[in-house]
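Each remark here refers to the structure printed beneath this line.
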Amino acid sequence: MVKVTPHKHCIVCGKAVEPEEVFCSEECKQKYESARKRQWIPFVIFFVLMIILIAYSFMAV
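Going left to right, the sequence shown walks through residues 15 to 75 as our numbering numbers them.
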């Protein structure tokens with residue numbers, strides 16, 4: 015039987031990493047952080063549009 019050492023996988027590329035690590039390299043960490051920043055943009059746009067629509071609906075009355 016093959017014994018596999020304890021490990022996890024990089025959340026960006028899937029390579030095996032030590033159990034206490036999250037990323038396999040600094041490049042993967044930067045890619046992850048960049049993707050998280052890009053995910054905020056649609057949320058912020060939606061939030062601003064909702065505020066504008068709510069404010070406009072009160073002004074139209």
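Note that the Cβ used here is the ideal one computed from N, Cα and C, for glycine as well.
Beta-carbon proximity of residue i to residue j, cut-off 8 Å
| i | j | result |
| --- | --- | --- |
| His21 | Pro33 | yes |
| Cys42 | Val16 | no |
Straight-line Cα distance separating residue j from residue i
| i | j | result |
| --- | --- | --- |
| Glu40 | Phe60 | 32 Å |
| Leu63 | Phe37 | 35 Å |
| Val47 | Thr19 | A small correction: the amino acid at residue 47 is Glu; Val does not occupy that position in the sequence shown. Cα to Cα, the separation comes out at about 28 Å. |
| Val31 | Arg52 | 26 Å |
| Glu35 | Trp54 | 25 Å |
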